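There are 2 protein chains.
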Amino acid sequence: MSTSSEDLRAIALGEFATAGYSATSLHRIADIAGLSKSSVLYHFSSKEALLEAAVAPAIDRMEQILEGLESNSLAAEGRAAFLVEFVDFILQYRREVHIFINQGPSLVAVPVIDRANDLVRRLAAFFAANTASLEEKMRFGIALGGAAYMLCTEDSLALQSAPLDETRAALVAILTGLLSPVEAPQKTED
Amino acid sequence: MSTSSEDLRAIALGEFATAGYSATSLHRIADIAGLSKSSVLYHFSSKEALLEAAVAPAIDRMEQILEGLESNSLAAEGRAAFLVEFVDFILQYRREVHIFINQGPSLVAVPVIDRANDLVRRLAAFFAANTASLEEKMRFGIALGGAAYMLCTEDSLALQSAPLDETRAALVAILTGLLSPVEAPQKTED
DNA sequence: AACCTATCTGACCGATCGGTCAGGCACTGT
DNA sequence: ACAGTGCCTGACCGATCGGTCAGATAGGTT
């Protein structure tokens with residue numbers, strides 16, 4: 003409820019995403035917030051709890067999207083709707099997604115990250131089940147990891163300060179091209 | 003020259019890529035190698051030196067590719083040749099590239115990583131100079147980050163144990179689709 | 001024999017890590 | 001005035017970090 007907790011959550015989220023979880027000390031988070039390390043541990047009982055608070059909303063939303071995806075049919079329009087939903091998700095929670103994608107494998111044994119890893123695996127399994135092709139699986143991995151990377155590396159690349167709706171439209175177009183079932187593939191042999 | 007040095011380099015490369023540089027202790031590297039921490043520091047004067055030894059070959063190769071790209075013209079066939087060259091590079095040095103891409107921003111102040119970050123920026127600037135479109139820049143970022151992610155997360159995704167040449171062909175096809183200049187863009191207003 | 005070098009090791013160091021604890025301070029209700 | 005509560009703090013703890021150092025061992029050279 004207090005502003006400090008929310009401030010700390012936001013600061014931690016940014017630092018965990020940019021510098022990495024294990025490379026970010028509680029002391030550093032406290033300094034940025036203008037508090038002492040003890041105060042951070044007053045609001046969050048441990049560093050793990052702070053990570054959990056930072057990424058939990060994104061995981062909940064992700065789980066919600068995935069359940070809807072798995073329960074519904076996979077008609078072409080359903081797939082397109084999912085894609086827009088997923089783009090909005092990744093835009094809203096870009097830092098959280100960046101944490102899952104880049105630090106998920108290294109943060110096993112952290113329960114909240116294990117949940118995220120399971121979700122990624124479920125999503126991958128879903129796509130793999132519908133496409134046995136190696137290239138399609140690779141397209142999925144590139145779309146997922148690439149979007150997470152690109153949206154959190156705007157500065158280092160040349161694409162800072164673009165209007166959100168333009169970014170959104172472009173991302174939908176790119177991911178559609180990457181993930182849509184290839185109806186007219188480059189190899190039309192038969 | 004001794005096998006220990008090369009073993010340590012390989013172990014460190016794997017651990018730095020999967021667990022992260024700051025999350026990997028010298029003790030852990032020594033344990034995997036069956037040596038003591040002191041022995042690791044005998045072969046490499048510091049943890050940073052070990053990181054540098056692990057990724058330097060990839061950086062050298064990357065720099066070589068980039069110089070060739072910047073000096074040559076950018077005709078369509080030149081671009082296609084670069085893409086194949088780049089795919090082979092990223093396949094050979096996938097773990098090193100994964101380190102650059104995912105831990106580059108957090109490992110500033112490490113000279114060898116700064117070199118890598120500069121190379122990524124130069125590559126991004128090169129693509130940005132030839133394409134002012136936001137979507138093209140995003141495509142570049144997704145291709146770069148996505149390939150690095152996908153090639154190092156084969157296990158978590160569903161695409162383990164594919165023949166290398168199949169992976170190579172698919173990656174060339176995907177990146178070609180992502181990076182080839184859109185000759186018939188959706189916005190043809192003028 | 002003596003010597004040198006390469007490789008490896010345990011003991012040790014200061015710094016920093018995440019986390020605990022007792023208490024200070026301001027405010028509120030009684 | 002008093003007690004309770006929310007927020008914050010410095011002092012402190014054990015563990016682990018990267019790194020140093022003085023040797024131990026082995027093999028090769030003379």
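Residue numbers (the working numbering), protein chains in the order written: chain A, 3 to 192; chain B, 3 to 192.
We put the CB at the ideal spot given by N, CA and C, even for glycine.
Remember, predicted model here, so these are calculated numbers, not experimental data.
With contacts defined as CB atoms closer than 8 Å, Ile144/A and Met152/B qualify as a contacting pair. Per the Cβ contact rule, the segment 94 to 113 of chain B is in contact with the segment 16 to 30 of chain B (3 or more Cβ pairs under 8 Å). For Phe142/A, the uninterrupted alpha helix (DSSP H) segment begins and ends at Leu136 to Leu153. Contact annotation for Ala164/B against chain A: Leu136 [CB-CB distance below 8 Å, chain order]. Counting along the chain, Leu166/A sits inside the alpha helix (DSSP H) bounded by residues Leu166 to Leu181.
The beta carbon of Leu15/A is closer than 6 Å to those of Ala56 and Arg97 in its chain, skipping five residues each way along the sequence. With contacts defined as CB atoms closer than 8 Å, Leu37/A and Ser6/A qualify as a contacting pair. Residues of the segment 43 to 55 of chain B with a C-beta atom less than 8 Å from some C-beta of chain A do not occur. Residue-level contact by beta carbon fails for Asn132/A and chain B, as no gap is shorter than 8 Å.
If you draw a straight line from the Cα of Phe142/A to the Cα of Phe129/A, it comes to about 7 Å. In the DSSP annotation of this structure, the continuous segment of the alpha helix (DSSP H) that includes Pro113/A starts and ends at Pro113 to Asn132. Taking a C-beta distance under 8 Å as the contact criterion, Gly147/A and Gly148/B qualify as a contact pair. Within chain A, no residue has its beta carbon less than 8 Å from that of Met64/B; the closest one is some 15 Å off.
Of all residues in the segment 102 to 116 of chain A, only Ile103, Asn104, Gln105, Gly106, Pro107, Ser108 and Leu109 come within less than 9 Å of chain B when Cβ atoms are compared, listed by chain position. Interface annotation, Ser182/B: not in contact with chain A, CB-CB separation never under 8 Å.
Within chain B, the residues whose beta carbon sits less than 8 Å from that of Ser24/A are Gly22, Ser24 and Ala25, listed in sequence order. Interface criterion met: the Cβ of Ile176/A is under 8 Å from a Cβ in chain B. Within chain A, no residue has its CB atom less than 7 Å from the CB of Thr5/B, the nearest being about 27 Å off. For Asp33/B, the secondary structure class from DSSP, reduced to helix, strand or coil, is helix. DSSP places Asn104/B inside the alpha helix (DSSP H), whose first and last residues are Arg96 to Gln105.
For the pair Val110/B and Gly179/B, the Cα-to-Cα distance works out to about 32 Å. In this structure, Leu93/B places its C-beta atom within 8 Å of the C-beta atom of Arg170/B. Taking 8 Å as the cut-off, the Cβ atoms of Val114/A and Glu54/A count as close. When 8 Å is used as the limit between beta carbons, Ala60/B is near no residue of chain A, the shortest such separation being about 18 Å.
When C-alpha distances from Ala134/A are compared across Leu161/B, Leu121/B and Asp120/B, the shortest belongs to Leu161/B.
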